[in-house]
Every structure is written in structure tokens, then in C-alpha cells.
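Protein chains: 4
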Amino acid sequence: MSESLSFGDLRREVLAANLRIPEAGLATLTWGNVSGVDRDAGVFVIKPSGVSYADLSAEDLVVVSLEDGRVVEGHLKPSTDTETHRCLYRAFPHIGGVTHTHSTHAVAFAQARRPIPVLGTTHADTFNGPVPVTEDLTAEQCARDYEYNTGQVIVALLEGDARRAEEVPGALVSRHGPFTWGATATASLENAIVCEAVAEMALHTLALYAPGGHPEPPRHLLDRHFTRKHGPDAYYGNPAPAAVR
Amino acid sequence: MSESLSFGDLRREVLAANLRIPEAGLATLTWGNVSGVDRDAGVFVIKPSGVSYADLSAEDLVVVSLEDGRVVEGHLKPSTDTETHRCLYRAFPHIGGVTHTHSTHAVAFAQARRPIPVLGTTHADTFNGPVPVTEDLTAEQCARDYEYNTGQVIVALLEGDARRAEEVPGALVSRHGPFTWGATATASLENAIVCEAVAEMALHTLALYAPGGHPEPPRHLLDRHFTRKHGPDAYYGNPAPAAVR
Amino acid sequence: MSESLSFGDLRREVLAANLRIPEAGLATLTWGNVSGVDRDAGVFVIKPSGVSYADLSAEDLVVVSLEDGRVVEGHLKPSTDTETHRCLYRAFPHIGGVTHTHSTHAVAFAQARRPIPVLGTTHADTFNGPVPVTEDLTAEQCARDYEYNTGQVIVALLEGDARRAEEVPGALVSRHGPFTWGATATASLENAIVCEAVAEMALHTLALYAPGGHPEPPRHLLDRHFTRKHGPDAYYGNPAPAAVR
Amino acid sequence: MSESLSFGDLRREVLAANLRIPEAGLATLTWGNVSGVDRDAGVFVIKPSGVSYADLSAEDLVVVSLEDGRVVEGHLKPSTDTETHRCLYRAFPHIGGVTHTHSTHAVAFAQARRPIPVLGTTHADTFNGPVPVTEDLTAEQCARDYEYNTGQVIVALLEGDARRAEEVPGALVSRHGPFTWGATATASLENAIVCEAVAEMALHTLALYAPGGHPEPPRHLLDRHFTRKHGPDAYYGNPAPAAVR
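Protein chains in written order, with my numbering: chain B, 1014 to 1258; chain Z, 1014 to 1258; chain D, 1014 to 1258; chain V, 1014 to 1258.
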């Protein structure tokens, strides 16, 4: 990448996170996109529309204004989902990255309009509650500013509750698929990976339930797992190695 | 490839599209084939019968007459499905490529004789309606010109409606599997990839539906997605990089 | 491989076929084995027991007597399934190779004691009828010569009908898994790949069937597909490239 | 690895076993961990917490005291699951390795609180009985020493019966996932691979059962398979090649 390119570190992180979409088996063709934000500069960096992962370079990423959605830098059109990302960044000031995929099992829950239920610790490690499903967009919401409105139905679902958005860092857009977010572009991508994994596990678990009874997992177990990894008492993990530069 | 080989560009595109069949996980053994047409020359280029993808080269591809199905160029027999491709090229003058696979989930719908329903935007991005299933071929249709008749039951399904064939670029042959088409060989292959992806998503979605109720997705949502990518108001994607030469 | 090693060509083919088991996703750990026979020499060559595919070489393969099952050549113990292979070679004089795997979906049918039904052309291209399931072995059959008796329940199933064994080149051993065979080691391995593929397709097809009705595919369609590839009127495929030497 | 590093052979084995978790498709992100014990030295070696497999080296592994769980050697925090491993080593003196994963199908059984039933020989080759599910941990067990208590519910399940732990080398922690063990770190990892494979096969088998009837596999068949591979009359396998050095 040219040294003079602006937002170099952010571009590198967003590029790496986008390339993990196909690596993690979340992508068909060019579907899926990750963005990362620079709040001080008032911009976010996002994948261009319809470019294959194999061809993607940091220069191809598009820099977009948080304020009005205009392209600040870039020779390509940004992802068609750009306005959804922008809406989420504006509603949730604590997030640093957003990921959208059409991963198979998360899409199946979105299409069936079923939240992904909390069935075990794998889910609770990342999502402190079910991954919810939005309302269908109305004809009016589809006719105009469709992509921004896609963000709005997610925000409505969380009632603008930033804490809830932090504890459940993702949602399923009805009949469409998952959007996830996180403190960074990388974190949003990893939440997309977890969302797909727990969707697949939930699909199989539901198939295995004995008819009649499947009590919820005990709340104390789920809390334990979420707080092992998140918040002031977290004790999971080690300091990351020196960041990608 | 020898410089003097005819239809060099088309051969290269058809070869590349064929090699994407196993890459995309759509193939078992040598199953599956892609062709591309040169309408001016009145021929199409297709995979030879029963050759493994690892061994396939542009020279092995077979050039076949659109008019009568005879081999115009090639040292190998063309795919046994060649006459099905020829039938589709003749019925739908707007198409430039055809793909046939035995991809797992699309075959399951074909075997169950269920159209792949439109359950969300992933489907609507590519197929503006369910992927339909043909009638069973009759004993007469099987006894003689079986492969050409396989094309005929597809054409019958679409009632020769070229616009419908353009908006729903694929069909499931009953008890057999998917045929997809597109403006180019590459486009037909990508439609085969989408067909398999939406079949898998649909299988899981149907398993997740609550008994009793699964209303259709709202039409305005599906239309929005199809027209984002197709037709005069499309705004998805970027210009392709310089074509393979 | 040392030039002086006996049965060099057969060893090379059997090695290559064994290595395709993990490549084709049919293996967990060291499970699965392929053998090939030399009828003139009265021996077959088979994978050693419990050796990982990554470590396997042609020298490790074991040469076993068709007559009495004794090791003719080799520094390792042959597969524990060797006696099953030997039983099949003795019962079906037309076969040249045998493959056994624990591939996921074929095992599921074996465990459920359901034959893999003929639901479409993918199946009919290779198996001219359902892939049948054997009887459970009796306590006596388990107590003594267990592995040879495993072959015997397969032979019993086909009633020693060599033609049926040729047209349906495989069977599921009850609660165990698939054995397939063919004219060569390679053919038996490819039949194992098809067996797994059609088992997976069948599993999904059965899940998609509307309750109440799923008529059989028409016999004329299935016949057409089997005879396209097998017997005097076959027209599928091209001559193989020069054999591996 | 530095020559002077202590427990070098054990570290190398534990590292190799950990790297097989993602290779075998058992891992999402950094989930999963393998440990191996040195009983004479009174320590075990385990994966550090939250480190990605791609970055893992033998130096990163953590040496932990069997006696009190303190880190004896290492610059990183050990896996959060370390105390569960320690509990198992203390309860079952015959085991040399422990593996924990969140593999998809084993987790589905754990989440549905269903033991993985013995449906065929693939299961019986490794597990001489169903893979059982623990009780849910109580609020008290979650509040304090959660991870050690996770080991305790496994031990309770096996009633401290060392022989049973040897014949069924794994268990599902309710709503959580599988823990497996074995004579070595490698063996525990291979048991985790088998646990996932048989869980997937069981899921599909249960879907294929005809309503009403699915008699158990005959005991003599299952015994035959378990004793082919385990105990004094085992005849499966060959001596391992020279150990990794």
C-alpha cells in the first residue's frame, strides 16, 4: 500500500477483517462486508460494492463521511449496505466496527423470523441474550433510503439502548441476515463468526430436543460465561500480541 | 494454450468457469459442466464428457454447432448434457452461458419436486421468483433425444417467456438437478452458486418455521433487492477489472 | 518406491485410491480402506491397519492371499477389515477393487437400518437400485470370523447374484457403514464417493418431502441414466488419459 | 523452540494436539484446548487463554501444578478451562491428556441435554457406551470455583469409576460442550474428533429413524468393536512410527 494513503492503519484492519469473511466460510461470491470507524476524523472505511475478496486491496476500500454518507476518498462505489453501517455508527457511539454477512444458518433464522435463542455457554460467551430479529421493513421504508432504514429497524429493536447493543452485539434483519458490531472492525467480524456458529448449533439443538420440554439454561450459568469474557471481572484471554501495523 | 486455437477468449472463460465448479464445492467427481456461446459464429464451447477438473485444459473443451449439435472442433466427446445446453441457447436468445451441476441442496429440492421458495433477500438478489421444478419427462421423452428433451421441459416451464427466463435464471429438472443460465458463462456459473446457497438456506429455514405459520416475505422487500442488482435502476457493484485476456 | 517392489502398478493404484479417501472428505482419523486385486497372482493389496493417510506409502501396503487370507508380503498388519474384502472378492469374481469407509451420511443410513433409496438421477447414474442394508450379524457371526462374516451378510443380501452386485456396487452393513466395489480399486473408491453424496442428498430430500406423498421417480428416467453410463449402449465419458505409471 | 525449555517433549505433543483442533474442524476462533500431564513432575501443560492457533508456539504453553493449579512456568495466563482439566487429572489417575472443544454437533447434544447414543460401530470403536451429559451446575457451583466444579460434575457423572472413565473417555457438560480424555494428549484429542463425528452421525441417524421403532444395536456387535481396539485382545492398528522428537 502506498505510504501516502490516508487512514492506513484503519484500512489495513478493515482489509484484514474483510478477508476473514471468506476464510471463515461466511461468504458466497462477494457477499458480506466489514467497516471500521475513525470517530475523530468523522469517517468510516468500508468494502467497495461487488468486488471479489481475491481482488481486494487496501486502496480499494472506500472512506465515507459519518455525517452525510458521502464518499470522502476512493475510486470505487462503497458497499450498497454502507448506509446501514452509517446508521448503526450514529446510533451506537461506542461501536468501532460493523460486519454484515449472508452466512447460511444465521440467514435461516432471519428468514424464519426466529431469534437465535440462548441455548448454551457458546452463545452466552458473546451474546448476553438471544440475537433478536427486526420487524419487516414497510413499503415506505423500502421505497426510499432503504439501506439507512435497514439500520433504523435494528436500532428500533434495541430501543436505542446502548448497553443492550453492547451486550448483544448483533441482530438479524428480517428475511435478510445478520449485522454484528463491536469495539473494532475485527471484533465485529469475530461476532459475525460467533453468530453463525451459534445459529448452526441452535438449529441442531432444536432438532434434538425431546418433544415437550426444553427448559432454558440456568441464568447463573449464562451470566457466569458472559462475565468471564466481558466487563470489569473478565478473566478470559491474554493481552494481544503487538498490533498489526 | 496454443495461439492458433479458435475461440480463444471464450474457451478461457468457459475453462475458468468450469474450474470454479469444484472450487465452489458444487461438484462430486467430474459432475457438472459450464458452456458459453458465440452467437455470431453459431457455436458454443462446452466441457468434454467425464474429464476430471484437475486434468481439464482449454484445448479439451469442445466446440459445438448451435444449429445441429455437431462437434465443430475438439478431440473429445462433449458433455452428455450438451443437447440440453443447445436447447436452452435456442429457446432463450438473450443468454450467453449455461451451467449444470449436481449440487447437494439444489438436487434435494429437485428430488423432492419442490421449487426453491423465495424466503429472503439472498434469493431475491438473483432470482425474482421461486426456482421452479419441471415436469417429469415421459417415457417417450426419455427414449429418444433425452438430453434435448430435458431442455424442452425447462423451456415449457417458462412457457418460452424470455423475460421470465431472465429474471429467474435457473430451474430444477425433476429428480435430476439444477440448470442455470446467464448473460455469460461466468454469470451462469455464479447463478449456480447462488442456487445452491439459497437451497441450503431454504432447507434450514423450512426446518425452523414454527408449525402453522410462515407468511411470505413482503413483495416490496423482494422487489427492492432484485432491482438493486438488475435492470435500469441497479446500483450494486463496480465495473469489473480488465477482463482476463 | 523401490523398483524391485512386487505388484508395483497395483500398489500405486491402491495407494492413490486410499489417499483419495481423506481428500474426498470420507475419512475421520485413519478410518477407511481400499484394496485392489490381482486375480492371476491370487492376491490383493490393502491398506495396513490404523496407519494415518499422511504417513502412507506404497511399501506400507500389504499383499494378502485370496485363498487363505495370509499376508504374502508386507511389514505391517493389514486392515482389520481385510477378511471382509477377501470374502467379497471370492463371492464376486468380476470385481477388482473394494472400498470401506465410515462416511457420515452413508453411516447414518446404515445406523438407521434404512436402504439409501433411489430418489433421482445422481443415484441412478451409479447404482441401479437402492443401496441395501444387511441383516444384523448374529452373536455367533460376531464371536468368530467376525470380519469374514461381515462379508457374508453382504453376499447374502445380494443372494450371490453377480449381476446385481455389478449394477448395485455397494451395500450398507447394518449399524456399521458402507462397503463399495468396482472393476478396479479406483472404481470402488469412486463408488464410495457417490454412495456418500447420494446418502446426503437423500437425507435432505426426505426432510423436504411433503407429508403423505413421494412417488418413486419414473423407472424410464432411472434406466436411461444407468444405461447412459453402463453396459453396451453407454455414451458417457471419454477414454481415460494414459494411466498413471 | 529453545533447547533449554523444560518439559520439551510434552510441550511438543501438546502443541501438536492443539493445532489439530482447527485442522479437524473442531474450532471456531480460539475455542478449544488440549493439555497433557507429567505425573512424575506433578504438572500439566496447557494452551494459554484466548491465543489464536496460528500464533501458538510451544513457549506459549503454560505449565500448571496438579496440586494447587498455580502456574509453574509460562508468560501467559493458562486457558480459563485449566481448573476443569486439573480436576479431571486428579479424579482419574490413569489419564494423560484432556481436550475440550465447542465442536458443533457435540455441543448440540450438550445443549439439548441428550447423551450421544450408541448407534453403531463407529461409536463403539471408541466409546463403550453413550457419551453422557452432566447435571446443570447449581448457582453455588457457578458462583465459586466454577471451572473446577465443571470437572466435578463430570466426575460425579462417572461416580469416580475409573474403569468407566477409561471405557467411555468423554462427557458432555450440560449446556456447554464435550470434554474428552485419554492416555495421552494426542489420544484425548482423537477422542474429541471421534466424539464430534459420532454426534453428527447420531443427529442424522435420529432424523432417519422410522417413527416408533429403533431398537438398540445388538450388544455383541458393539462389544466386538470395542474389544477389537481396546484391552488385552485388541488386534486393531500397527505400532506407531518413531515418535515425534
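The C-beta atom is built at its ideal place from N, Cα and C for all residues, glycine as well.
Next on the checklist: Quick check on Z/P1231 - is its C-beta less than 8 Å from some C-beta in chain B?
Outcome noted: Taking 8 Å as the threshold, the shortest C-beta distance from Z/P1231 to chain B falls below it.
Item to check | Against chain Z: residues of the segment 1134–1151 of chain D by CB proximity under 7 Å | outcome: Under the 7 Å Cβ criterion, the segment 1134–1151 of chain D contributes T1134 and T1135.
Checklist entry - Are the beta-carbon atoms belonging to Z/E1180 and Z/G1142 less than 8 Å from one another? => result Yes.
Checklist entry - V/V1085 to V/L1235, Cα distance in whole Å? => result For V/V1085 and V/L1235, the distance between alpha carbons rounds to 43 Å.
Checklist entry - Any residues in the segment 1060–1071 of chain B with a beta carbon nearer than 7 Å to a beta carbon of chain Z? Which ones, in chain order? => result Cβ contacts with chain Z: P1061, S1062, G1063, V1064 and D1068.
Item to check | Proximity of Z/T1147 and Z/L1185 at Cβ, strictly below 8 Å | outcome: Their beta carbons are under 8 Å apart, which means Z/T1147 touches Z/L1185 by this criterion.
Item to check | Rounded separation between D/P1128 and D/T1117 - CA only | outcome: Whole-angstrom Cα-Cα distance: 15 Å.
Checklist entry - What residue ranges within the segment 1055–1133 of chain D form continuous alpha helix (DSSP H) runs of no fewer than 4 residues, ordered along the chain? => result Here the runs fully enclosed are 1095–1104 and 1117–1125.
Checklist entry - Below 8 Å between beta carbons: does that hold for D/L1221 and Z/A1125? => result In contact: D/L1221 and Z/A1125 (Cβ atoms closer than 8 Å).
Checklist entry - What separation, rounded to the nearest whole angstrom, lies between the Cα atoms of D/M1014 and B/G1190? => result In this predicted model, D/M1014 has a pLDDT of only 44, less than 50, meaning its place in the structure is not dependable enough to derive any value.
Checklist entry - Do V/T1093 and B/R1232 come within 8 Å of each other at the CB atom, strictly closer than that value? => result No, they are not a contact pair.
Next on the checklist: Can you pull the chain D neighbours of V/N1251, defined as C-beta to C-beta under 7 Å?
Outcome noted: What V/N1251 touches in chain D: P1061, S1062, G1063, V1064, L1089 and K1090.
Checklist entry - Which chain Z residues are close to D/P1206, counting only those with a beta carbon under 7 Å from its beta carbon? => result What sits at residue 1206 of chain D in the sequence shown is Ile, not Pro. Ordered by position in chain Z, the residues that pass the 7 Å Cβ test against D/I1206 are T1041 and L1042.
Checklist entry - Would you say D/P1182 and D/F1140 are within 8 Å of each other, going by their C-beta atoms? => result Yes, the pair counts as a contact, with Cβ atoms nearer than the cut-off.
Checklist entry - Given D/V1257, which residues of its chain have a CB within under 8 Å of its CB, disregarding the five upstream and five downstream residues? => result Its pLDDT being 32, under 50, D/V1257 is placed unreliably by the model, and the measurement read from it follows with that caveat. Same-chain partners within the cutoff: R1025, E1026 and A1029.
Checklist entry - Quick one, which residues of the segment 1177–1194 of chain B are near chain Z if we go by CB-CB under 9 Å, in chain order? => result So the list reads V1186, S1187, R1188, H1189 and G1190, given in the order they occur along the chain.
Checklist entry - Does any C-beta atom of chain D lie closer than 8 Å to the C-beta of V/H1299? => result Residue 1299 of chain V falls outside the range modelled here, since chain V spans only 1014 to 1258, and no answer is possible.
Next on the checklist: Taking 8 Å as the threshold (beta carbon to beta carbon), is D/Y1248 in contact with chain Z?
Outcome noted: Interface residue, yes.
Checklist entry - If you measure from the beta carbon of B/L1032 to each beta carbon in chain Z, is any gap under 8 Å? => result Answer no: the Cβ-Cβ gap between B/L1032 and chain Z never drops below 8 Å.
Checklist entry - Which residues, in order along the segment 1019–1031 of chain B, keep a beta-carbon less than 8 Å from a beta-carbon of chain V? => result Listed by position, the residues of the segment 1019–1031 of chain B near chain V (Cβ gap below 8 Å) amount to none.
Checklist entry - Taking only beta-carbon atoms, is V/E1203 less than 8 Å away from chain D? => result Interface with chain D (8 Å Cβ-Cβ cutoff): V/E1203 is included.
Next on the checklist: Residues in the same chain with beta-carbon distance under 7 Å from Z/L1023, minus the five sequence neighbours each way, listed in chain order, please.
Outcome noted: Excluding sequence neighbours, Z/L1023 sits near G1049, D1051 and V1058.
Checklist entry - Count the other CB atoms within 10 Å of the CB of V/A1255; is the residue buried (16 or more) or exposed (fewer)? => result Because V/A1255 sits at a pLDDT of 47, beneath the cut-off of 50, its placement in the model cannot be relied upon, and the following sentence gives the value as read from the coordinates. By the 10 Å Cβ count, V/A1255 comes out exposed.
Checklist entry - According to DSSP, what are the bridge partners of D/P1191? => result Paired residues: D/L1185.
Item to check | Start-end ranges of the alpha helix (DSSP H) lying completely within the segment 1149–1180 of chain Z, minimum 4 residues | outcome: DSSP runs (the alpha helix (DSSP H)) wholly in the segment 1149–1180 of chain Z: 1152–1156, 1159–1170 and 1175–1180.
Checklist entry - Going by other Cβ atoms of all chains shown within 10 Å of its Cβ, with 16 needed for buried, is Z/T1151 buried or exposed? => result Flag for Z/T1151 reads exposed.
Checklist entry - In chain D, which residues lie with their C-beta within 7 Å of the C-beta of Z/V1120? => result Within chain D, the residues near Z/V1120 are G1133, T1135 and M1214.
Checklist entry - By DSSP, does D/N1141 sit in helix, in strand, or in coil? => result Collapsing the DSSP output to three states places D/N1141 in coil.
Checklist entry - Does the beta-carbon distance from V/A1071 to V/L1018 come in below 8 Å? => result By the CB criterion at 8 Å, V/A1071 and V/L1018 fall inside the cutoff.
Next on the checklist: Which of the three DSSP states is assigned to V/V1257 in this structure?
Outcome noted: Here V/V1257 scores only 32 on pLDDT, less than 50, and its place in the model is too uncertain to base an answer on.
Item to check | Where the alpha helix (DSSP H) through Z/S1201 begins and ends | outcome: Taken as a continuous stretch (DSSP letters only), the alpha helix (DSSP H) holding Z/S1201 covers A1198 to L1221.
Checklist entry - Between Z/A1205 and Z/T1112, what straight-line distance do the alpha-carbon atoms span, to the nearest angstrom? => result Cα-Cα distance, rounded: 7 Å.
Checklist entry - What is the DSSP secondary structure of B/D1053, reduced to helix, strand or coil? => result Of the three classes helix, strand and coil, the one that applies to B/D1053 here is coil, per DSSP.
Item to check | Cβ-Cβ separation, D/G1164 to D/T1097 (assumed contact under 8 Å), whole Å | outcome: So it is a contact: roughly 4 Å between Cβ atoms.
Checklist entry - So, does the CB of D/C1155 fall closer than 8 Å to a CB anywhere in chain V? => result D/C1155 counts as touching chain V.
Next on the checklist: Looking at chain B, is there any beta carbon in it that lies within less than 8 Å of the beta carbon of V/Y1159?
Outcome noted: At least one chain B Cβ lies under 8 Å of V/Y1159.
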